[in-house]
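K.L.:
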Amino acid sequence: MAPFEIIAAPFETWIAVPGTAFPVINAAPAGAWARLGTAGNRNISEDGITVTHAEEIETFTPLGLTAPVKAWRVSEGLELSFMLHDMTIEQYIAVLNMGTITTTAAGAGTAGHRAANLYKGTGSPPVRAVLLRGPGPYGDGWNMQYEIRRAIIRAEADVNFRRDEPAGLQITLTALVDTTAPAGQELGILRMQHAAPL
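And the structure:
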């Protein structure tokens, strides 16, 4: 409801192999896009999803002045972070190390089960494309989405199994520069629907 520019709503996150086409702004993610959380944002803590636009700025103040005369950006970054409350092995492994899950069928006297290795090893972490989507500021039912071409998933959470709150995995999706992207889109794109399709 209006005013649309004030957004108080849950967003959802999907991941895919880098190079996967992002869905158009008014179409549901499909095909290779895998939603984080079996039930989407119903598996995310009430703290929601935080988008962090980090940057480090240096300034120069000359001896003869008390305020800076020049500034330059030294570094920048883009991160998404949230707590995922979904202990299915598919979600657990997807955010932990993107490993392979082995399924063993039930047999006589043996329960069926799924298993995955927890060891990550050295080398580069797996890279994924990331889509973050929710309601946009220009109209009812219109979307906005962050399209990140390359990102790594960092899940350094202590999984705490207790009786008074659900177990969860703290996830941080860190954008990496895509050197093949058009100028200005190296970390991704923020897209917002402003009109209905014709």
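Reminder that position 107 of the sequence shown reads as 773 in this note's numbering, one-by-one numbering, no gaps.
All C-beta atoms, glycine included, are put in the ideal place defined by N, C-alpha and C.
1. Contact defined as beta carbons within less than 8 angstroms: I believe residue 692 pairs with residue 859. What is the distance between those atoms, to the nearest angstrom?
2. Rounding to the nearest angstrom, what Cα-Cα distance links residue 742 and residue 719 in this structure?
3. From the DSSP output, in three-state form, read off residue 717 for me.
4. Less than 8 angstroms separating the beta-carbons of residue 745 and residue 841?
5. Where does residue 712 sit, in a helix, a strand or coil, going by DSSP?
6. Whole angstroms is fine: what's the gap from residue 820's alpha carbon to residue 753's?
7. Which stretch, first to last residue, makes up the beta strand (DSSP E) that contains residue 868?
8. Secondary structure at residue 673, three-state DSSP: helix, strand or coil?
9. Alpha carbon to alpha carbon, how far is residue 757 from residue 836?
10. Let me confirm a value: residue 762 is counted as buried when at least 16 other C-beta atoms fall within 10 Å, else exposed. Which label applies?
11. Under the three-state reduction of DSSP, which class applies to residue 859: helix, strand or coil?
12. Checking 8 angstroms against the spacing of the C-beta atoms, do residue 797 and residue 695 come in under that value?
13. Taking 8 angstroms as the cut-off, does the stretch 667–687 touch the stretch 784–791 (at least 3 CB pairs, one atom from each stretch)?
14. Would you call the stretch 699–708 and the stretch 722–738 touching, i.e. three or more CB-CB distances under 8 angstroms?
15. Less than 8 angstroms separating the beta-carbons of residue 766 and residue 782?
16. Have a look at residue 776 and residue 759 and give me their C-alpha separation to the nearest angstrom.
17. Taking DSSP as the reference, what is the three-state secondary structure of residue 759?
18. Using a 10 Å radius around the Cβ and a threshold of 16 neighbouring Cβ atoms, would you call residue 848 buried or exposed?
P.N.:
Let me spell this out:
1. Going by Cβ atoms, the distance from residue 692 to residue 859 rounds to 6 angstroms, so yes, they are a contact pair.
2. 7 angstroms
3. strand
4. yes
5. coil
6. A straight-line Cα-Cα distance of about 17 angstroms links residue 820 and residue 753.
7. Because the chain spans 667 through 864 in this model, residue 868 falls outside it and cannot be assessed.
8. coil
9. Taking the straight line from one Cα to the other gives about 12 angstroms.
10. Within 10 angstroms of the beta-carbon of residue 762 lie 16 or more other beta-carbons, which makes it buried.
11. coil
12. yes
13. Output reads no: the stretch 667–687 does not touch the stretch 784–791.
14. no
15. yes
16. Annotation: residue 776 to residue 759 spans about 23 angstroms, alpha carbon to alpha carbon.
17. The answer is helix: DSSP assigns residue 759 an H, G or I state.
18. exposed
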